[in-house]
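Trainee: So that we are looking at the same thing, I have put the structure below in structure tokens.
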Amino acid sequence: MRRCRFLLLSMLAALLATLLAAPASPAADDVPRETLLRAARVTPTPQQVAWQELEFTCFVHFTVNTFTDLEWGTGKEDPRIFNPTDFDADQWASVCKEAGMKLLILTCKHHDGFCLWPCEQTEHSVKNSPWRGGKGDMVKEVSDACRRHGIKFGVYLSPWDRNAECYGSDAYNDYYKNQLRELLTDYGEITEVWWDGACGEGPNGKRQVYDWDGYIRVVRQWQPKAVIFGQGPDVRWVGNENGLARESEWSVLPFRMGDRTERDLGNRKYLLGAERLMWYPAECDVSIRPGWFYHASQDDQVKSLERLLEIYYRSVGRNSVLLLNVPPDRRGRFHENDVARLREFRSVLDETFRTNLAAGAQVAAENTRDGFHAGSVTDGDGGTYWTTEDGVVAASLTIDLGKPVTFDRAMLQEMITTGQRVERFQLQAEVDGAWKDVAQATTIGYKRLLRFSPVTASKVRLAILDSRDCPTIREFGLFQASARETTAVPRKQP
Ligand code: FUL
């Protein structure tokens, strides 16, 4: 009897172990090649490509909350509390520039409904504040400063509005569209429009049914080159506010599946049964402090260099764009602690990525399509790529560095204008005459960064183990991390 129970228990344990070890996506054979090819051929729009290339961008949360010490305003704030004493848009833009951020997105209106520009639809705005004697327009000053410093500009306009009396009725949809139109017509080129998913009741206790399609039409009409974040068809929320993308971050997803938080998204199981697919890349938003808005009590809680690097490797380094929030203080300036951390962060990234040790290296491929030679991956030219002949979805590249080189970071890029294809790859190095595994990972997409313990070798091999269609590799790089990077290898997933 006891033996029987033991057998039963071991069988159960074995079954459980098998179930736990099962991959999240169906086995390769379960997904028809046709389905994989269809997914591999979904490509981004030109504005999605341009957005992806921004890589590192800045979020700025600033409104009445900065003066009330709240994260979510009530909508009942007196506009007279909004009074930055030393507002300096050039300081914001120059710090962004120095930090390597390519776009700044400003909370033109947060959930409290207060507008940072003299909005024609409401009195709840800067025009009734003491700032610039009620004559100021913060959206104008910030967008102008961004242009002066070569930074792109984007607008956050909260759909949820706790001040607008018409919230909860059809009239609010017109109100919101008019606000959008003002922002999209009066401030030059807008690169991104950010729609927050947070929503609740308006001042009359009512909820709103948003006319998303109508809002999208307004954006397309006035700023056809802008990408829309959230709710829209261009850019999706990664699914958390920690700035971290998935180990496998796919940009090809079933059509209009909305914001999702699952740990796996876009793998083979999502392709089965999906009637239509779309290019829907991830954006990672996170604040440099615990709050989105400035609180003096958090001056000593600016994220550490180590944390920011971890975020960078797991956002920019995982096929996503990083949107890092830096909240200005009551003066209307980025606080000294935040600025110092951003400078430190930038200088470490520069130190790590300044010298690509594989630049110009000779590359031999196991298989090559005519005209798409292997050397394209080390030529530093983003317009060229290596690919294989039809039907070849696994192949390797051997990169000859010419002499022993020590490295502990690798960078890979797919040519996303041809789609996202690679599902699994491996990096090896020739050490003492034998190939040694250095790293293995899944997706690449626009950019993949890998961290591993230092390796010294004169030859490395990049093996594409599985791809939905012929792999198209744009660039490959090897680097040695700055001594100020203390995390040699990735941390475990949280
Ligand atoms: C959330 C908002 O509720 C926060 O206040 C912040 O704006 C963040 C970026 O999005 O949903």
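Quick note, the working numbering runs 631 ahead of the 1-based positions in the sequence shown.
Built from N, CA and C at the ideal position, the CB exists for glycine as well.
Note down, in chain order, each residue of its chain lying with its Cβ closer than 7 Å to the Cβ of G574, except the 5 sequence neighbours on either side.
Mentor: With the chain represented from 632 up to 1125, any question about residue 574 goes unanswered, as that position is not in the structure.
Trainee: Between G948 and chain B, is any beta-carbon pair separated by less than 8 Å?
Mentor: Of the protein chains in this structure there is only one, and it is not chain B.
Trainee: State the DSSP-derived secondary structure class of R851, mapped to helix, strand or coil.
Mentor: The three-state reading of DSSP puts R851 in helix, counting H, G and I together.
Trainee: Would the segment 903-923 count as touching the segment 1096-1103 if we require 3 or more Cβ pairs under 8 Å?
Mentor: no
Trainee: Inspect the beta-carbon positions of W723 and A776 and report whether they are closer than 8 Å.
Mentor: yes
Trainee: Report yes if the C-beta of E708 is less than 7 Å from at least one heavy atom of the ligand FUL; otherwise report no.
Mentor: no
Trainee: Out of curiosity, what's the CA-to-CA distance linking F1038 and P1085?
Mentor: 5 Å
Trainee: Give every residue of the same chain whose Cβ lies closer than 8 Å to the Cβ of T892, excluding the five residues on either side of it in the sequence, and list them in chain order.
Mentor: G870, N871
Trainee: May I ask you to report which of helix, strand or coil DSSP gives E1106?
Mentor: strand
Trainee: Would you say the beta carbon of H926 comes nearer than 7 Å to a heavy atom of the ligand FUL?
Mentor: no
Trainee: Is DSSP giving D1031 helix, strand or coil here?
Mentor: strand
Trainee: Can E702 and G874 be called in contact, C-beta distance under 8 Å?
Mentor: no
Trainee: Tell me whether the beta-carbon of A733 lies closer than 8 Å to the beta-carbon of L685.
Mentor: Checking the sequence, you will find Lys at residue 733 rather than Ala. Their beta carbons are under 8 Å apart, which means K733 touches L685 by this criterion.
Trainee: Closer than 5 Å from C-beta to any heavy atom of the ligand FUL: which residues, in chain order?
Mentor: D827, A829, W923
Trainee: For L589, name the three-state secondary structure that DSSP assigns.
Mentor: Because the chain is modelled from 632 through 1125, residue 589 falls outside the range shown and cannot be assessed.
Trainee: Roughly how many angstroms lie between the CA atoms of R838 and D709, to the nearest whole one?
Mentor: Cα to Cα, R838 sits roughly 23 Å from D709.
Trainee: Which residues does DSSP pair with G706 in a beta bridge?
Mentor: DSSP output for G706 lists no bridge partner at all.
Trainee: Kindly indicate which residue of P834, Q862, V850, Q852 has the alpha-carbon position closest to the one of Y841.
Mentor: Q862
Trainee: Along the chain, where does the alpha helix (DSSP H) containing R974 start, and where does it finish?
Mentor: R974 -> alpha helix (DSSP H) spans 967-984.
Trainee: Can you grab the Cα-Cα spacing for the pair I1104 / V850, in whole Å?
Mentor: 34 Å
Trainee: Less than 6 Å between C-beta atoms, sequence neighbours within five positions excluded: which residues of the same chain meet that for A1112?
Mentor: Result list for A1112: T983, D1039, R1040, in chain order.
Trainee: Whose C-alpha, out of H966, A802, Q993, is nearest the C-alpha of D719?
Mentor: The shortest C-alpha separation from D719 is found at H966.
Trainee: Please name the residue, chosen from D844, V957, R778, P761, that lies closest to R711 on a Cα-to-Cα basis.
Mentor: P761
Trainee: Entirely within the segment 864-937 and at least 4 residues each: give me those alpha helix (DSSP H) ranges in chain order.
Mentor: Complete alpha helix (DSSP H) runs here, min 4: 899-902.
Trainee: If you draw a straight line from the alpha carbon of L896 to that of W791, how long is it in whole angstroms?
Mentor: 27 Å
Trainee: Span of the alpha helix (DSSP H) holding P958?
Mentor: Run containing P958: none; DSSP gives neither H nor E here.
Trainee: Under 8 Å, do G845 and K808 count as touching if we go by C-beta distance?
Mentor: For the 8 Å CB-CB criterion, G845 and K808 form a contact.
Trainee: Rounded to whole angstroms, what is the Cα-Cα separation between D930 and V773?
Mentor: C-alpha separation (whole angstroms): 24 Å.
Trainee: Pull up the CB-CB distance for T688 and L953, whole angstroms please, since I reckon it's below 8 Å.
Mentor: 7 Å
Trainee: Span of the alpha helix (DSSP H) holding P1085?
Mentor: P1085 -> not in any alpha helix (DSSP H); beta strand (DSSP E) instead, spanning 1079-1098.
Trainee: Counting only the same chain and skipping the five closest in sequence on each side, list residues whose C-beta sits under 6 Å from that of E1061.
Mentor: A1088, K1090
Trainee: Between which two residues does the beta strand (DSSP E) carrying R1055 extend?
Mentor: Start and end: 1053-1062.
Trainee: Hey, could you find the ends of the alpha helix (DSSP H) K771 is sitting in?
Mentor: 769-779
Trainee: Exposed or buried, S946, counting other C-beta atoms within 10 Å across all chains shown (16 or more means buried)?
Mentor: buried
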